[in-house]
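Colleague: Numbering (our numbering), first residue to last: 130 to 293.
Glycine included, C-beta positions come from ideal geometry on N, C-alpha and C.
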């Protein structure tokens, strides 16, 4: 579970000239809505097709778009991360990944503000996600606990500039 990814992506897009936001959740919704119910997974990331589509779309965009691509994507399974991000990196594409992090209490408050309760799908995934994000492939953690979206964006931009 990451926190504030969509709003942070929008803020980064606003601040980074010529950037583009690609949201792979849309592919997940498409898959979910266009397969028989018997084939559906509780998490669309479990569908190989979602992971392949996300990788292929990013590869395609990278091949023709030389600016910054911002991808607000929750990935907590290291194998899925390697399957998408690792493949792109192995092909020589520069991919920077940042894990937005907050406490379970803050995450529940944020879910409540979106109209989702303790029994929502996102809330029920929280512990699994927090555990998964401890894996070293998700090493660049950005604590969003007491920060505004603008501050989170500033931290990420500073981390990018430090890497350059």
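Short of 8 Å in beta carbon distance, which residues of its chain neighbour residue 140, apart from the five on each side in sequence? Order them along the chain.
Modeller: These residues qualify, in order along the chain: 278, 279, 281, 282.
Colleague: Does the distance from the C-beta atom of residue 204 to that of residue 273 stay below 8 Å?
Modeller: Result no, Cβ atoms of residue 204 and residue 273 do not sit closer than 8 Å.
Colleague: When DSSP builds the beta bridges, which residues end up paired with residue 171?
Modeller: The partner list for residue 171 (beta bridge, DSSP) is empty, contrary to what the question assumes.
Colleague: Write down the C-beta distance between residue 199 and residue 269 rounded to the nearest angstrom, noting that I regard them as a contact closer than 8 Å.
Modeller: Contact doesn't hold; Cβ gap of about 15 Å is too wide.
Colleague: In angstroms, rounded to a whole number, what distance separates the CA positions of residue 242 and residue 195?
Modeller: 37 Å
Colleague: Apply the 10 Å Cβ neighbour rule to residue 137 and answer buried if 16 or more other Cβ atoms are within range, or exposed otherwise.
Modeller: buried
Colleague: Are residue 187 and residue 210 closer than 8 Å when you measure CB to CB?
Modeller: no
Colleague: What residue ranges within the region 233–292 form continuous beta strand (DSSP E) runs of no fewer than 3 residues, ordered along the chain?
Modeller: 270–272
Colleague: Among the candidates 160, 193, 259, 225, whose CA atom is the shortest distance from the CA of residue 176?
Modeller: Of the listed residues, the one whose Cα sits closest to residue 176 is 160.
Colleague: Which residues mark the beginning and the end of the beta strand (DSSP E) in which residue 230 is found?
Modeller: 228–230
Colleague: Residue 251 to residue 172, Cα distance in whole Å?
Modeller: 10 Å
Colleague: Could you compute how far the alpha carbon of residue 217 sits from the alpha carbon of residue 249?
Modeller: 33 Å
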